[in-house]
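J.: Start counting at 1 in the sequence shown, then tack on 1, and there's your number in our numbering. Shown below is the structure under consideration.
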Amino acid sequence: MTTKIVFIEFLDELKYLEELEEDEIVVVTTQPTVKVKLKGRKIRCIDTQELFGRQGHQEVVEATAAIVNGIRPCFSVLSQGSVKYAHERTAIFYLRFFLNYLFSHIYLIHAAVKEVNPDEIIVLPFESYKQVGARLNKAGSLLGNIVELYSKANNIKSVRIYDKSVKRDKKLRYFLYQRLETSVFKLMLFWLRRVGSNKEILLAPNDTCGMPVLLKLASKEIKRSFPIYLSIQRGSIRVRVMEMISGKSFSLVSLPTISTKRERSHFEKLWSTCMDDIQLYLKIHATNFDFHGIDVSQYIIDYMAHGLASELKDLNGKICSLFQVLHEIHPTVVFSQHALGVSYALGEICRERKIPAILVSHGSHVPHQQKFSEIEWNEHARTLFNTHFPFVAIQTSWAGRFFEAQKKALSVPVNTGPLLFAQKSRLKENREQLRKRIYKQYANDKILIHAGTPKSWRSFRPWIYETLDEYIHNINKIIQAVDKVRGVYLAIRFRPVGGITSNDFKKMLMKSDCYGIYDKGSFDEHLLSADMLISYSSTTLEEALQNKIPVLQFDPDNKYWHIPSNFFRNSNIGNLPAVQCVSNYQELCKVIKNFEKKIDAKVDESEWKEHILDVDDRWLQKVRSI
Numbered sequence: 002m003t004t005k006i007v008f009i010e011f012l013d014e015l016k017y018l019e020e021l022e023e024d025e026i027v028v029v030t031t032q033p034t035v036k037v038k039l040k041g042r043k044i045r046c047i048d049t050q051e052l053f054g055r056q057g058h059q060e061v062v063e064a065t066a067a068i069v070n071g072i073r074p075c076f077s078v079l080s081q082g083s084v085k086y087a088h089e090r091t092a093i094f095y096l097r098f099f100l101n102y103l104f105s106h107i108y109l110i111h112a113a114v115k116e117v118n119p120d121e122i123i124v125l126p127f128e129s130y131k132q133v134g135a136r137l138n139k140a141g142s143l144l145g146n147i148v149e150l151y152s153k154a155n156n157i158k159s160v161r162i163y164d165k166s167v168k169r170d171k172k173l174r175y176f177l178y179q180r181l182e183t184s185v186f187k188l189m190l191f192w193l194r195r196v197g198s199n200k201e202i203l204l205a206p207n208d209t210c211g212m213p214v215l216l217k218l219a220s221k222e223i224k225r226s227f228p229i230y231l232s233i234q235r236g237s238i239r240v241r242v243m244e245m246i247s248g249k250s251f252s253l254v255s256l257p258t259i260s261t262k263r264e265r266s267h268f269e270k271l272w273s274t275c276m277d278d279i280q281l282y283l284k285i286h287a288t289n290f291d292f293h294g295i296d297v298s299q300y301i302i303d304y305m306a307h308g309l310a311s312e313l314k315d316l317n318g319k320i321c322s323l324f325q326v327l328h329e330i331h332p333t334v335v336f337s338q339h340a341l342g343v344s345y346a347l348g349e350i351c352r353e354r355k356i357p358a359i360l361v362s363h364g365s366h367v368p369h370q371q372k373f374s375e376i377e378w379n380e381h382a383r384t385l386f387n388t389h390f391p392f393v394a395i396q397t398s399w400a401g402r403f404f405e406a407q408k409k410a411l412s413v414p415v416n417t418g419p420l421l422f423a424q425k426s427r428l429k430e431n432r433e434q435l436r437k438r439i440y441k442q443y444a445n446d447k448i449l450i451h452a453g454t455p456k457s458w459r460s461f462r463p464w465i466y467e468t469l470d471e472y473i474h475n476i477n478k479i480i481q482a483v484d485k486v487r488g489v490y491l492a493i494r495f496r497p498v499g500g501i502t503s504n505d506f507k508k509m510l511m512k513s514d515c516y517g518i519y520d521k522g523s524f525d526e527h528l529l530s531a532d533m534l535i536s537y538s539s540t541t542l543e544e545a546l547q548n549k550i551p552v553l554q555f556d557p558d559n560k561y562w563h564i565p566s567n568f569f570r571n572s573n574i575g576n577l578p579a580v581q582c583v584s585n586y587q588e589l590c591k592v593i594k595n596f597e598k599k600i601d602a603k604v605d606e607s608e609w610k611e612h613i614l615d616v617d618d619r620w621l622q623k624v625r626s627i
């Protein structure tokens, strides 16, 4: 009997199995819902939990870092007046996701082929890397590119299935959208001239990540303040429109790609020089582009010459729009929740023009001495923390330590305390009432709340975040441990991720009455009414510590602790540690048993102080005094 292996990354790709004999197929999937759907059928299904592991994380970090560190200087030719780094930071941001996707899937395919030893590989329909944009999440199936390349490189027979459906003309739609976007922008710019005069403007790139709340807070200290957003999210259009009508704020909807023919021609020349430099690097350092015997250089060039090039050209046009906006208004203070794309350019322009501007990261930043953790978090910081904004908000004590650990810090730190994340809860409801309302019959148990931030393969951040399969596997291990201890209830905070709905998620977990899935309501309420938080990696760890709720870090691979283990301290006998970490199932069971026994145990106040920042109440005045 011929053994055929097929790699599936989308649920709707299961339709192609109808053309094959089920008893000959082995399915390898990167989408957890596929395994759920195949239950009961005569098809062996392997998920990534069985194939990837600690070694996979490590190899992907190293392979991506080797290429990024080599070609990063090539982007230095891309600049636009005072904007000298935005293109490089944006290019590397998207390129890293592409490289992580590429290397992780080569690793998975290689491991699966070794495991199954197939006679034949089925290659499902896929989009060429020449056809996709910089943002992989918007693309169709891409895995077939790598599967086909791997089978050819290893002389394994492959059969390709083609999709005969007609593709829509994306270029035409994009052209029409750009024309509409430009027209709306010009109209809004005309309106802005009228409403923005004689006001203290608080400017922000967009209204995501709690930015409106932050601007409202700043408005209390700055008289005649007027929030302006350069773009808005779809879900808040109605709210922003109502604010504009009532004169409370102003939104430009979005920044279009506006540039003159001369500007476009100039950027084309710069981009050509950049690509020539990258091509030269590829030739000199060919070994960096070989991963498990697969030469990925052509795929990288295809991606950069098409999707990434288009993204950077658009960015160049958006920066032109930004200059037009800043010609019309003079911000009192600029606030930004990230520094990616045009937001990075905004920080550079403010630095050049001495406009008060502060980067307020919406994520956690913790210093690490472990090699792979340090690589990932330092790259992460290049668009969230260590940028060319004049000021950066230090929201937690861990962010302060992270800033001090930077070899070359670019911004002036200000101790703002939590502004966009890790905030102390302001809930007024009694904690006991909260527990009864949320956890009902389990209110008298010890509540262990789980919150995680798993990453799909197209937004994969190796080592410092779980894959979807690891996330599900680790939660099931936690359920097994909690199931053995009476008096402990596991509350799993879930939000749809990677195509997994709440209903799908329920089917992936073992059956037990020791846990519940909570996908609605305020996370603040669920956290504040719990006794301990358990997670692999999440900003919720710092949020819990800010609210004096102890945390338990669980990684069965023993590779990563979000709060680094070298910062742990020994608690007094009888006291509960603020931070604990466990690296195997036996330790997990032991900690949960102790958690249930220590009914009146508390964390020593001196230990909480290590996690809570001394806030400078005059931080906004310092930013404005630039």
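Every residue, glycine too, gets a C-beta built ideally from N, C-alpha and C. Since this is a predicted model, take the numbers as computed values, not measurements.
In this structure, does DSSP put Met2 in helix, strand or coil?
T.: Taking the sequence shown and counting its residues from 1, the one referred to as residue 2 is at position 1. Reduced to three states, the DSSP call for Met2 is coil.
J.: Please report the straight-line C-alpha distance between Asp615 and Val580, rounded to a whole angstrom.
T.: On the sequence shown, position 614 is the one that residue 615 refers to. On the sequence shown, position 579 is the one that residue 580 refers to. Asp615 and Val580: Cα-Cα distance of roughly 20 Å.
J.: Just curious, the alpha helix (DSSP H) that Met243 is in, first and last residue?
T.: Residue mapping note: residue 243 aligns to position 242 of the sequence shown, counting from 1. Here the alpha helix (DSSP H) through Met243 covers 238 to 247.
J.: Looking only at its own chain, which residues have a Cβ that is under 6 Å from the Cβ of Trp620, when we skip the five neighbours before and after it?
T.: The residue labelled residue 620 in the question sits at position 619 within the sequence shown. Closer than 6 Å at Cβ, skipping near neighbours: Val415, Thr417.
J.: Would you grab the beta carbon distance between Ile123 and Lys5 for me? Rounded to a whole angstrom, and I think it's under 8 Å.
T.: For the purposes of this step, residue 123 is taken as the residue at position 122 of the sequence shown. For the purposes of this step, residue 5 is taken as the residue at position 4 of the sequence shown. Going by Cβ atoms, the distance from Ile123 to Lys5 rounds to 6 Å, so yes, they are a contact pair.
J.: When the Cα atoms are used, what is the spatial distance from Val148 to Gln299?
T.: Numbered from its first residue, the sequence shown carries residue 148 at position 147. Numbered from its first residue, the sequence shown carries residue 299 at position 298. If I take the Cα positions, the gap works out to 15 Å.
J.: Going by Cα to Cα distance, which pick from His451, Lys43, Arg432, Gly453 is closest to Ala444?
T.: Within the sequence shown, numbered from 1, the residue matching residue 444 stands at position 443. Minimum Cα distance to Ala444 is reached at Arg432.
J.: Work out the CA separation of Tyr230 and Ser523 for me, nearest whole Å.
T.: Taking the first residue of the sequence shown as 1, we reach residue 523 at position 522. Taking the first residue of the sequence shown as 1, we reach residue 230 at position 229. Going by the C-alpha atoms only, they are around 25 Å apart.
J.: Let me make sure I understand the geometry here. Which of Lys355, Gln338, Ser232, Val343 has the alpha-carbon closest to that of Ser365?
T.: Reading the sequence shown from its first residue, position 364 is the one you call residue 365. Residue Gln338 is the option with its Cα nearest to Ser365.
J.: Measuring CA to CA, which of Phe186, Leu150, Val61, Glu471 is closest to Val326?
T.: Looking up residue 326 in the sequence shown gives position 325. Checking every option, the nearest Cα to that of Val326 belongs to Phe186.
J.: Taking the alpha carbon of Phe290 as the point to measure from, which residue in Ile72, Arg136, His381 has its own alpha carbon closest?
T.: Residue 290 sits at position 289 when you count from the first residue of the sequence shown. Among Ile72, Arg136, His381, the Cα nearest to that of Phe290 belongs to Ile72.
J.: Taking the runs of the alpha helix (DSSP H) that are 4 residues or longer, which of them lie wholly in the segment 547 to 621?
T.: For the segment 547 to 621, whole alpha helix (DSSP H) runs of length 4 or above, ordered along the chain, are 586 to 598, 606 to 609.
J.: Tell me which residues share the same chain as Ser503 and place their Cβ nearer than 8 Å to its Cβ, disregarding the 5 neighbours each side in the sequence.
T.: Here residue 503 is taken as the residue at index 502 of the sequence shown, counted from 1. Here the set comprises Phe495, Pro497, Ile518, Asp520.
J.: Tell me whether the segment 36 to 46 and the segment 231 to 250 touch, counting them as touching only if at least three CB pairs, one residue from each stretch, are closer than 8 Å.
T.: No: fewer than three Cβ pairs fall under 8 Å.
J.: Could you compute how far the alpha carbon of Ile320 sits from the alpha carbon of Lys200?
T.: Indexing the sequence shown from 1 puts residue 320 at position 319. Indexing the sequence shown from 1 puts residue 200 at position 199. Using only the alpha carbons, I get a separation of about 24 Å.
J.: To which residues of the same chain is Leu193 closer than 8 Å at the C-beta, ignoring the five residues directly before and after it?
T.: To locate residue 193, count along the sequence shown from 1; it is residue 192. Closer than 8 Å at the Cβ level, and outside the excluded window around Leu193, lie Ile229, Phe251, Leu253, Val326, Glu329, Ile330.
J.: With burial defined as no fewer than 16 other Cβ atoms inside 10 Å of the residue's Cβ, what is the status of Pro206: buried or exposed?
T.: For the purposes of this step, residue 206 is taken as residue 205 along the sequence shown, with counting starting at 1. Looking at its Cβ environment, which holds 16 or more other Cβ atoms inside 10 Å, Pro206 is buried.
J.: Please list the terminal residues of the continuous beta strand (DSSP E) segment that includes Met533.
T.: Counting from one through the sequence shown, the residue named residue 533 turns up at place 532. From DSSP, the beta strand (DSSP E) with Met533 extends over 533 to 536.
J.: What separation, rounded to the nearest whole angstrom, lies between the Cα atoms of Leu283 and Gly488?
T.: Start at 1 with the first residue of the sequence shown, and residue 283 comes out as number 282. Start at 1 with the first residue of the sequence shown, and residue 488 comes out as number 487. Cα-Cα distance, rounded: 59 Å.
J.: For Pro126, which option in Lys314, Ala382, Phe324, Glu14 has the closest C-alpha, if you only look at C-alpha atoms?
T.: Indexing the sequence shown from 1 puts residue 126 at position 125. Selected option, being the one with the closest Cα: Glu14.
J.: Under a three-way DSSP split, which group does Arg462 fall into?
T.: Position 461 of the sequence shown, counted from the first residue, corresponds to residue 462. Coil, per DSSP.
J.: Give the range of the beta strand (DSSP E) segment to which Asn416 is assigned.
T.: Here residue 416 refers to the residue found at position 415 when the sequence shown is read from its first residue. Note, Asn416: beta strand (DSSP E), 413 to 416.
J.: If you check the beta carbons only, do Val62 and Glu121 fall under 8 Å apart?
T.: Against the sequence shown, residue 62 aligns to sequence position 61. Against the sequence shown, residue 121 aligns to sequence position 120. The answer is no: Cβ separation not under 8 Å.
J.: Considering Cα atoms alone, identify which of Gln407, Ser398, Thr397, Gln587 is closest to His381.
T.: For the purposes of this step, residue 381 is identified with residue 380 of the sequence shown, where counting begins at 1. Cα-wise, what sits closest to His381 is Gln407.
J.: Taking the C-alpha atoms as reference points, what is the distance between Ser220 and Leu203?
T.: Along the sequence shown, read from residue 1 onward, the residue named residue 220 stands at position 219. Along the sequence shown, read from residue 1 onward, the residue named residue 203 stands at position 202. Their backbone Cα atoms lie some 8 Å apart in a straight line.
J.: Contact defined as beta carbons within less than 8 Å: I believe Ala154 pairs with Gly294. What is the distance between those atoms, to the nearest angstrom?
T.: If you number the sequence shown from 1, residue 154 lands on position 153. If you number the sequence shown from 1, residue 294 lands on position 293. Ala154 to Gly294, Cβ: 6 Å. Contact.
J.: How about Pro565 and Gln370: do their beta carbons lie closer than 8 Å?
T.: To locate residue 565, count along the sequence shown from 1; it is residue 564. To locate residue 370, count along the sequence shown from 1; it is residue 369. The answer is yes: Cβ separation under 8 Å.
J.: Do you know offhand how far Pro463's Cα is from Leu313's?
T.: Here the question's residue 463 lines up with position 462 in the sequence shown. Here the question's residue 313 lines up with position 312 in the sequence shown. If I take the Cα positions, the gap works out to 25 Å.
J.: Classify Asp556 as buried or exposed, calling it buried when 16 or more other Cβ atoms lie within 10 Å of its own Cβ.
T.: In the sequence shown, counting from the first residue as 1, residue 556 sits at position 555. The residue in question, Asp556, is buried, as its Cβ has 16 or more Cβ neighbours within 10 Å.
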